[in-house]
Amino acid sequence: MNKKTGCKIVAVVIVLFMILGGCAYRGEFPKSAKAVRNITKTLYDNSGILALNNEDGRAFTDHKQGHVEMVAEKSLEVADSVTKAVNGGTFGNSRGDGRIAFSANIDRKRLEGAALSHDTGMAGGGYALSPLMGDNGKQLKDDFGRKMFEKDENGKYLVHPEDNSNFGEVRDNHSLNSAINVLINRDEYIKAGFSSEEVDIIASECMAHSKSGSGVSDLNRKSDWSDSYDRIDATVSAYNEDHPDAQIFFDRNVIEGDDDVFAAMVSESFAIRIGDVSRDSWPDAEAQSGETVHVDRLTINNQAGSIEGEIENIVITIGDKGDLVTNAKSKQVHAGEQNIIKNRTYVGSNGRLVHEITVNDGSSAPACTQEAINDHLGEFKCVPDEMFDVSIVFKKDCDDFSKELYEQFRDIAAGEYDNIDIIYPWDKE
Amino acid sequence: MEIVKERRNASNLTRYYRVDELTDSDAMISRLCDIRKTENLNISYILLSDLMNRSDEGSDNLRLSGNVDIEEFQNEVRQRNIDVISMNGTYKDKPVVIGAKLLRREIYITIRLSNKADIDAFEKEIKL
Chain A
775 MNKKTGCKIV
785 AVVIVLFMIL
795 GGCAYRGEFP
805 KSAKAVRNIT
815 KTLYDNSGIL
825 ALNNEDGRAF
835 TDHKQGHVEM
845 VAEKSLEVAD
855 SVTKAVNGGT
865 FGNSRGDGRI
875 AFSANIDRKR
885 LEGAALSHDT
895 GMAGGGYALS
905 PLMGDNGKQL
915 KDDFGRKMFE
925 KDENGKYLVH
935 PEDNSNFGEV
945 RDNHSLNSAI
955 NVLINRDEYI
965 KAGFSSEEVD
975 IIASECMAHS
985 KSGSGVSDLN
995 RKSDWSDSYD
1005 RIDATVSAYN
1015 EDHPDAQIFF
1025 DRNVIEGDDD
1035 VFAAMVSESF
1045 AIRIGDVSRD
1055 SWPDAEAQSG
1065 ETVHVDRLTI
1075 NNQAGSIEGE
1085 IENIVITIGD
1095 KGDLVTNAKS
1105 KQVHAGEQNI
1115 IKNRTYVGSN
1125 GRLVHEITVN
1135 DGSSAPACTQ
1145 EAINDHLGEF
1155 KCVPDEMFDV
1165 SIVFKKDCDD
1175 FSKELYEQFR
1185 DIAAGEYDNI
1195 DIIYPWDKE
Chain B
27 MEIVKERRNA
37 SNLTRYYRVD
47 ELTDSDAMIS
57 RLCDIRKTEN
67 LNISYILLSD
77 LMNRSDEGSD
87 NLRLSGNVDI
97 EEFQNEVRQR
107 NIDVISMNGT
117 YKDKPVVIGA
127 KLLRREIYIT
137 IRLSNKADID
147 AFEKEIKL
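Structure representation (structure tokens):
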């Protein structure tokens, strides 16, 4: 029996154990979690089908039911830490003009509902914003560095039906469409135990889970949220024009009109973002298409010192037939992400939130793994008023070469992310 | 040039400098390329990052060789949504990063405290 077959047998045994042993995600609020699962099931199934039939989507990392359940668990863990840190006075104290601080008043049921709903937009069939292009053919950015989109003469965002064959468009707009899917299913969410106002909040949190998709690049800046809601409003209008008999609405005043609600929603959105990036992975992890992705780690040039070098001769296969993954970005992502096996967030002894990332093998694909870690750092960058510790743990230690690469990674991150301190095991030596 | 912030943690020291006179990314890159010529400074690679627009599977960062010519350097930044540039290398054989935050008009130097470059001497030498 070769290693690949062995891994598949282990994966099947784990799945059977989960099904037969009743270990499938029940949720902290099983009744509402089950109801949300029923609302979202078809959408997540469809997102898998869409990816399977798309060259770009096939090897995209999993964003379906299994993923959102993990995000729900992780988000609730982050929420615990936020509550503890806010109550301890070490987090959420920096409210200034135009800013909204974090709150400890997190509604855990609502958070779980939003986490379970946050990726339904990957099913496609929704709406897309139109990128605003400059003369050089590059998408324009605003003063905050956010990508800009076309608006009409009244300042209203222009939206158009998305093209399901354009996976990039579906991906770029999936947070917006996850929000719209919540609003379309407002009555079902109310039946699941949420108030109508909470449906607006859940939609807002789904929208905000992606900083690039929502435009919320600073979670505590009110104007970012306002811009994000302009995008939802424009899409609601487009939907209503297309569906005169099934009108939907988004009541942004539920959030913008009440700072206490706003602050709770910001805390929940932060929890989802960190929960979302806390993807515990493993060898032969599932892709968005439902197929397993096998990274032959023996084909990685671990001593290359760069992403390009590490993946130059890498062999990554997908699906039962072992089709080769050829896209360089996919190769980098799977080589890196499958090396991150555990994530957790807690309050450290200094009162800061600590995000702990466990790397399986410190010497395997260090550059690709660091790029995956960068995704985690990016989420903390969206909270510039707070300081965070990111602790990297290695299940198998780094060799000297990789250790130096991780040091260089930290040197660069120190300047790029001025609200994050990275901690390595050898710092204590 | 004005130091706008100094940040020290357990591993690194970073000094940020305001460079308002550099009004666009081409000018900032040109300044970085001047710095690159400093004696005893060896740049091994240059990382171009779009930190504000990372999506689910990250952004299209680009790594350039430390001796990339200025036209290619400027062109790559123009063609991508780059907001941070990091030049990674050594000064007198000690690790340093010379970075630029394009939107904030800041240049910064980072040193590693466990293998400490002389940041005061370095900032003088590169006229920051």
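The listed protein sequences derive, respectively, from chains A and B. Sequential numbering of the first sequence, starting at 775, is according to our numbering. Sequential numbering of the second sequence, starting at 27, is according to our numbering. All C-beta atoms, glycine included, are put in the ideal place defined by N, C-alpha and C. Just so we're clear, the structure is a prediction, and the values are computed from it rather than from any experiment.
Output needed for residue i: all residues of its chain with C-beta closer than 8 Å, excluding positions within five of it in sequence on either side, in chain order.
i         : result
A/Gly1189 : none
A/Val1010 : Ile954, Leu957, Ile1022, Phe1023 and Phe1024
B/Ser51   : Gln100, Val103, Arg104, Ile108 and Leu128
A/Ser991  : Phe918, Gly919, Arg920, Lys985, Asp998 and Cys1156
A/Lys742  : No statement about residue 742 of chain A is possible, as the shown extent of chain A runs from 775 to 1203 and does not include it.
A/Thr1119 : Lys848, Glu851, Val852, Ser855, Ile1048, Ser1052, Leu1127, Val1128, His1129 and Glu1130
A/Lys1202 : none
B/Glu132  : Val30, Tyr42, Tyr43, Arg44, Val45 and Ala126
Taking the CB atoms as reference points, tell me whether residue i and residue j lie closer together than 8 Å.
i         : j         : result
B/Ile96   : B/Ser75   : no
A/Asp1171 : A/Ile1197 : no
B/Gln105  : A/Lys912  : yes
A/Asn867  : A/Ala902  : no
A/His1084 : A/Ala1141 : Checking the sequence shown, residue 1084 of chain A turns out to be Glu, not His. Yes; because the gap between Cβ atoms is below 8 Å, this pair is in contact.
B/Asn114  : B/Ser70   : yes
A/Gly967  : A/Ala846  : no
A/Ser1137 : A/Asp1097 : no
A/Ile1088 : A/Lys1103 : no
B/Thr64   : B/Glu149  : no
A/Asn1117 : A/Ser1165 : no
B/Ile29   : B/Tyr42   : yes
A/Leu1127 : A/Ser855  : yes
B/Asn66   : B/Tyr134  : no
A/Glu1086 : A/Asn1075 : yes
A/Phe876  : A/Val1040 : yes
A/Gly1093 : A/Glu1065 : yes
A/Ile1186 : B/Ser112  : yes
A/Ile1006 : A/Arg884  : no
A/Leu826  : A/Asn938  : no
On the DSSP bridge list, what partners appear for residue i?
i         : result
A/Asp1135 : A/Lys1170
A/Met907  : A/Gln913
B/Leu67   : B/Tyr117
B/Asn38   : B/Arg138
B/Gly125  : B/Ser112 and B/Tyr134
B/Ser32   : As written in the sequence, residue 32 of chain B is Glu, which differs from the Ser given in the question. Its beta-bridge partners are B/Arg41.
B/Leu90   : B/Ile72
Taking the alpha-carbon positions, what's the residue i to residue j distance?
i         : j         : result
A/Ser1055 : A/Leu890  : 18 Å
A/Ile1046 : B/Leu77   : 19 Å
A/Val1121 : A/Asp926  : 46 Å
A/Ile1194 : A/Thr1073 : 33 Å
A/Asp1070 : B/Arg57   : 43 Å
A/Gly898  : A/Ala833  : 17 Å
B/Asp146  : A/Glu924  : 47 Å
A/Asp746  : B/Asn35   : The first residue shown for chain A is 775 and the last is 1203, placing residue 746 of chain A beyond what the model contains.
A/Tyr1003 : A/Gly1079 : 43 Å
B/Cys59   : B/Glu32   : 23 Å
A/Asp1159 : A/Ile1048 : 16 Å
A/Val933  : A/Asp1019 : 20 Å
A/Val973  : A/Arg960  : 6 Å
A/Glu936  : A/Ser969  : 30 Å
A/Ser978  : A/Gly887  : 12 Å
A/Asp1016 : A/Glu962  : 21 Å
A/Ser904  : A/Asn861  : 42 Å
A/Glu1178 : B/Asp144  : 20 Å
A/Glu843  : A/Asp1149 : 20 Å
B/Thr49   : B/Arg130  : 10 Å
A/Pro804  : A/Thr1143 : 35 Å
B/Ile72   : A/Ala1139 : 19 Å
For residue i, which residues of its own chain have a beta-carbon under 6 Å away from its beta-carbon, when the five flanking residues on both sides are left out?
i         : result
A/Glu971  : Val1028
A/Gly795  : For A/Gly795, the predicted structure reports a pLDDT of 43, less than 50, and the residue's modelled location is therefore unreliable. The matter cannot be settled from this model.
A/Lys930  : Ala1008
A/Ser988  : Ser949, Met981, Ala982 and Ser1002
A/Phe1036 : Ile874 and Ile1029
A/Lys858  : Val1121
A/Tyr1191 : Leu1151 and Lys1155
A/Arg1026 : Tyr1003
Leaving out five residues on either side along the sequence, give the residues of the same chain with a beta carbon under 7 Å from the beta carbon of residue i.
i         : result
A/Lys838  : Tyr818, Ser821, Gly822 and Gln1062
A/Arg882  : Glu802, Leu850 and Ala853
A/Phe1175 : Gln1077
Beta strand (DSSP E) segments (min. 3 residues) lying fully within the stretch 1012–1073 of chain A: 1067–1070
Sequence ranges, beta strand (DSSP E) only - wholly within the stretch 1103–1168 of chain A, length at least 3: 1114–1121 and 1127–1135
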